[in-house]
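Heads up: the structure comes next, in structure tokens.
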Amino acid sequence: MNKIDEILQRASKRMGVPTSDLQDFFARGEQKTYAAEEWLFHESAPRQWAGLVVAGEVEIVRGLHGATKHLAVLAPGALISESAFLDEQAHANGAFTRQGATVWQISRDRIEAFRSDKPDLFYRIMARVAAGISERLRILSQHQASVESPAHLLGDIRLEHDSLGERELPEKAYYGVQTLRAMENFAISGVFVKNFEHMIEALAFVKKAAALANHELGVLDEDKMQAICQACDELLAGKLHDHFTVDMFQGGAGTSTNMNANEVIANRGLEIMGHQKAEYDYLHPNDHVNCSQSTNDAYPTSIKLAVLLSLKDLLGAMQELRRALEAKAEEFADVLKMGRTENQDAVPMTLGQEFSAYAVMIESAAVALERTGDEFHDINMGATAIGTGINSPPGYADLVTRKLSEVSGFELRKARNLVEATQNAGAFAQMSATMKRAAVQISKICNDLRWMSSGPRCGLNEINLPPMQPGSSIMPGKVNPVIPELVNQICYQVMGYDAVVSMAAEASELELCMAEPIIAYDLLHGMLILKNACITLASRCIIGIEANREVCRKYVENSIGLVTALVPVIGYEKSAGIAKEALKTGGSVYNLVLEKGLLSQEKLDDMLKPDNMTDPRKIPR
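All residue numbers for the sequence shown refer to this note's numbering, where the first residue is 411 and numbers rise by one.
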């Protein structure tokens, strides 16, 4: 018995549906294997298939905005995207696999075919699917109710002190007094470190690598190192992120974010060691978690790692967009249309050539981002305060860089000059500029989509965008290009962020750039929204575009631009005369050339063949 049959037997017992019925249904699907860290589908994307997990595990998550919530883990035998059995509405959550997974998938069109062929069996199965969905919602509701909210954190209190005095903190809070003061001082944006999952992961990598290096160099004992590393591993597994409560907008060059991480790791480490939170004699946020570090090396290194993690996500989304554009280029390869320069008719081309150019734009932007990311492998760990390495043991800078490479999976390099690396924010400015380039190119594509889809009666109307929502509160029947408009605005935001990052990088004075927090926010948020923009543009717009072939053909036939193809044979002057007369009389270039006897119909037809007008060729004189 193969794997799928075993799973169907278990599902049969669980659902109360005969195995033969399930086999009949699932026989219409096909097996698909996903690589580690690959997304199966994204939140808000249309449902395209329903499936059954055959091997591996799939995580269900929510949070396109960055504060990702891990809702469930689906093991072999679990249904996935089962709502696609009912309709093709957008996914409420996303799904990805950490280690790889195999899923038996049935496409929406095959589901609909099954419903038509065997309606009784279809609705028997759907009744059980609906019951399963209801049960999953009940479990998730219980889970949400059991998760402690900020209101619960206000019950019991504990006392902590720093150099400014003693303060009360919620007993269940893993952050400490310095984080509390930052929360009070920097109540600015409502956007917290916890909204940026990759930033927390990066901080965990840095703290774990530092603990390993300090232990190997004999400045941190085994128990403390193990506790710090376990706490960091928990952060990397998605735990305790809600305790990263510092606003992304902050003074102090990132000290508050660094201390937020130090305190959360220390307090969780204390629990691991069998102590109470805030018993810092056993594990201290500064003395142990921050050992051999300063904010001035730990924080910018964390930003670089967070950018590298975010870049991986962004590049993946851009490749999705590129593939969607390439598919349309192939689909529209035979659709002849007018090219335009300065919003005026130019010469014919194919709609496929138009979309092929867009795909290359995205690819070139992705390549540029990947190249720029290489500089982010140069880090200043071991620099401590200003690059001199004060309060770090000999050999620490080299060792911690190796340890950080091992725990993060990135091939990192110690900066050639740690003093320079601590004060120079040029790499951040370069990444921002390269992101701006990508945003400019994506926005240009969206502008074109809005122009080509304009109308439908009084515009170009060369393509139809998939209708997403009614377009007006007062004009019935109006449907706006909301997805390209959305993406335009996201691109404008990224372009604006570049101006801010440039000013912030320039604000580096003497041995430190104090404005790194705003750099971190603008880079990470910019990459996040640009990633989501690419996914949304591909899934909710590009894949659903249709060509109005007849409209495109008529524009070409009626265009004055046809005359350009005749210049090599009849000359520029005669071609210009034909164009002028056609504009004045409303006649066609084709008919005027024949009437004036400038070319035979056979030769004219040959010159105006689509293939001859859209590619280079030798012109017969």
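The beta-carbon is built from N, C-alpha and C at its ideal position, and this holds for glycine as well. Computed from a prediction, not measured in an experiment: that's the story for all the values here.
query = Does the distance from the CB of Asn595 to the CB of Gln660 come in under 9 Å?
reply = Cβ distance < 9 Å, so Asn595 and Gln660 count as in contact.
| message | As an exercise, report each continuous alpha helix (DSSP H) stretch of at least 4 residues that is fully enclosed by the segment 644 to 705, in chain order. | response | Runs found: 665 to 682.
For Cys923, count neighbouring Cβ atoms within 10 angstroms of its own Cβ and tell me buried if that reaches 16, exposed if not.
Counting other Cβ atoms within 10 Å of its Cβ, Cys923 reaches 16 or more and is therefore classed as buried.
* Between the Cα of Ser384 and the Cα atoms of Val717, Glu467, Lys738 and Ser666, which residue gives the shortest distance? -> Past the boundaries of the shown model lies residue 384; the chain is included only from 411 to 1031, so the question cannot be answered.
* How big is the Cα-Cα spacing for Ser454 and Thr946? -> Rounded to whole angstroms, Ser454 and Thr946 show a C-alpha spacing of 8 Å.
Beta-carbon proximity of Leu1054 to Ile638, cut-off 9 Å
The question about residue 1054 has no answer here: the residues shown for the chain are numbered 411 through 1031.
(Q) Checking 9 Å against the spacing of the C-beta atoms, do Ser720 and Phe615 come in under that value? (A) The answer is no: Cβ separation not under 9 Å.
Exercise. Can Ala835 and Glu926 be called in contact, C-beta distance under 9 Å?
Worked result: Against a cut-off of 9 Å, the Cβ pair of Glu926 and Ala835 comes out as a contact.
- Query: Which residues does DSSP pair with Thr711 in a beta bridge?
  - Reply: In the DSSP output, where bridge partners are listed per residue, Thr711 has none listed.
Original post:
Who does Leu489 pair with in a DSSP beta bridge?
Top reply: Paired residue(s): Leu462.
What does DSSP give as the partner residue(s) for Ala505 in the beta ladder?
DSSP output for Ala505 lists Phe451 and Ile470 as bridge partner(s).
| request: Return helix, strand or coil for Lys442, following the three-state DSSP convention. | output: The answer is strand: DSSP assigns Lys442 an E or B state.
**OP:** Kindly indicate which three-state DSSP category Ala917 falls into: helix, strand or coil?
**Re:** The answer is coil: DSSP assigns Ala917 none of H, G, I, E or B.
Check: Leaving out the 5 sequence neighbours to the left and right, which residues in its chain are closer than 8 Å to Ser559 when beta-carbon positions are compared?
Finding: Low confidence applies here, because Ser559 scores a pLDDT of 44, under 50, leaving its location unreliable and the question unanswered by this model.
Residue closest to Asn871, alpha-carbon to alpha-carbon, out of Pro710, Val961 and Leu761 = Of the listed residues, the one whose Cα sits closest to Asn871 is Val961.
* Would you report the Cα separation of Asp643 and Ala767, rounded to the nearest angstrom? -> One C-alpha to the other measures close to 44 Å.
Checklist entry - Given a threshold of 16 other Cβ atoms within 10 Å of its Cβ, counted over all protein chains shown, does Arg847 qualify as buried or as exposed? => result Counting C-beta atoms within 10 angstroms of its own C-beta, Arg847 has 16 or more neighbours from the protein chains shown and is therefore classed as buried.
Straight-line gap, Ile952 to Asn503 (C-alpha atoms, nearest Å)
If you take the alpha carbons of Ile952 and Asn503, they lie about 21 Å apart.
field: Cβ neighbours of Met658 in the same chain (closer than 6 Å, five flanking residues each side left out)
entry: So the list reads Val601 and Tyr931, once near-sequence residues are dropped.
Look at His571 and Lys604 and say whether their C-beta atoms are less than 9 Å apart.
In this structure, the beta-carbon distance from His571 to Lys604 does not fall below 9 Å.
(Q) Would Trp514 and Phe436 qualify as a contact pair, given that the criterion is a beta-carbon distance under 9 Å? (A) With contacts defined by Cβ atoms closer than 9 Å, Trp514 and Phe436 form a contacting pair.
Note to self: Less than 9 Å between the C-beta atoms of Met862 and Glu785, yes or no?
What the structure shows: Not in contact: Met862 and Glu785 (Cβ atoms no closer than 9 Å).
Margin query: Can you give me the C-alpha to C-alpha distance between Gln763 and Ala739, rounded to a whole angstrom?
Written below: Computed Cα separation, rounded: 6 Å.
What three-state label does DSSP hand Arg732 in the structure shown?
When DSSP states are grouped into helix, strand and coil, Arg732 belongs to the helix group.
Notebook entry, point to check: Assuming Gly684 and Ala641 make a contact with CB atoms under 8 Å, what is their CB distance in whole Å?
Noted result: Not quite, the Cβ-Cβ distance comes to about 14 Å (not below 8 Å), so this is no contact.
Check your understanding: In terms of alpha-carbon separation, which member of Glu448, Val699, Val757 and Ile675 lies closest to His625?
Key -> Nearest Cα to His625 within the set Glu448, Val699, Val757 and Ile675: Val699.
- Between which two residues does the beta strand (DSSP E) harbouring Asp572 extend? Under the DSSP assignment, Asp572 falls in the beta strand (DSSP E) whose first and last residues are Ile567 to Asp572.
Contact under 9 Å by Cβ, Ala957 with Phe742:
By the CB criterion at 9 Å, Ala957 and Phe742 fall inside the cutoff.
Item to complete: Indicate whether Tyr965 and Lys747 have their beta-carbon atoms separated by less than 9 Å.
Response: In this structure, Tyr965 lies near Lys747, with their beta-carbon atoms less than 9 Å apart.
| message | Pull the bridge partners of Leu746 from the DSSP assignment, please. | response | Its beta-bridge partners are Thr760.
inquiry  = Am I right that Pro695 and Gly805 are in contact with their C-beta atoms under 8 Å? What's the rounded C-beta distance?
reply    = That pair is no contact at about 24 Å.
_Using C-beta distances below 7 Å, list every residue in its chain close to Glu578, excluding the 5 sequence neighbours before and after it, in chain order._
Excluding residues within five positions, the ones whose Cβ falls inside 7 Å are Ile567 and Leu569.
Where does Arg963 fall in DSSP's three states?
Taken through DSSP and simplified to helix, strand or coil, Arg963 comes out as helix.
Whose C-alpha, out of Gly981, Ala583, Pro710 and Lys990, is nearest the C-alpha of Ile789? Nearest option by C-alpha distance: Pro710.
Express the C-alpha separation of Gly726 and Glu440 in angstroms, rounding to a whole number. Straight-line Cα distance between these residues: approximately 24 Å.
- Those runs of the alpha helix (DSSP H) which lie wholly inside the segment 574 to 601 and span at least 4 residues: Annotation: the segment 574 to 601 contains the following complete segments of the alpha helix (DSSP H) (minimum length 4 residues), in chain order: 587 to 595.
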